[in-house]
Amino acid sequence: MTQWNQVQQLEIKFLEQVDQFYDDNFPMEIRHLLAQWIENQDWEAASNNETMATILLQNLLIQLDEQLGRVSKEKNLLLIHNLKRIRKVLQTLFFQGPLEKSLQSSSVSERQRNVEHKVAAIKNSVQMTEQDTKYLEDLQDEFDYRYKTIQTMDQGDKNSALMNQEVLTLQEMLNSLDFKRKASEEL
Numbered sequence: 001m002t003q004w005n006q007v008q009q010l011e012i013k014f015l016e017q018v019d020q021f022y023d024d025n026f027p028m029e030i031r032h033l034l035a036q037w038i039e040n041q042d043w044e045a046a047s048n049n050e051t052m053a054t055i056l057l058q059n060l061l062i063q064l065d066e067q068l069g070r071v072s073k074e075k076n077l078l079l080i081h082n083l084k085r086i087r088k089v090l091q092t093l094f095f096q097g098p099l100e101k102s103l104q105s106s107s108v109s110e111r112q113r114n115v116e117h118k119v120a121a122i123k124n125s126v127q128m129t130e131q132d133t134k135y136l137e138d139l140q141d142e143f144d145y146r147y148k149t150i151q152t153m154d155q156g157d158k159n160s161a162l163m164n165q166e167v168l169t170l171q172e173m174l175n176s177l178d179f180k181r182k183a184s185e186e187l
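In structure tokens form, the structure reads like this:
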């Protein structure tokens, strides 16, 4: 006995819950007519493999066509109409024509190019920031060295013109470092 036959034997309150699972994307008529075939397919494997899923969908449509042929012989107009509508819906939902696939592919390619440009811009920005940081570190090291050199000088040397010039140079370096640090923090 198929699972579908077992489902149909459930109490009405459970059958109402089952009814909620089915919609126009996969109508209950398909589940009912193709119960045996559906239950014999490896849907779990197809969910992870697009090619297999496409083949299963094509086979589902073939099975649906066979049911449509059988029902046509019985002249069941309502079921024939419903099966044709269902087939059309399934084809529309799951199969795209070459134009739609091309447009979708083009759209994906454009988004990918945009993302790649943004990534390149971010990499460039990171590289510039790293260079700025390295420059500031080097400038700080030079400042520290010169400042320590002045600190180790004798008191008599500290009053010389050369010393005054060095203090001015250090003050300019300190101002430059402060300005560049503030500028980099704003970025």
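Residue numbers for the sequence shown follow UniProt numbering, so the first one is 1 and each next one is one higher. The C-beta atom is built at its ideal place from N, Cα and C for all residues, glycine as well.
query: Per-residue burial, glutamine 67 [other beta carbons within 10 Å of its own, 16 or more giving buried]; result: buried
query: Span separating the alpha-carbon of alanine 121 from that of lysine 148; result: 40 Å
query: Nonlocal neighbours in the same chain, by C-beta distance under 7 Å from glutamine 151, ignoring five residues either side; result: none
query: Contact between the region 42-49 and the region 67-77 (3+ Cβ pairs under 8 Å); result: no
query: Between the CA atoms of tyrosine 135 and methionine 128 - distance to the nearest angstrom; result: 10 Å
query: Residues of its chain near leucine 33, where Cβ-Cβ distance is below 7 Å and the 5 sequence neighbours each way are ignored; result: Gln67
query: Selection from Glu137, Glu186, Gln36 and Ser160 that minimises the alpha carbon distance to methionine 173; result: Glu137
query: Residues of its chain near tyrosine 22, where Cβ-Cβ distance is below 6 Å and the 5 sequence neighbours each way are ignored; result: Met28
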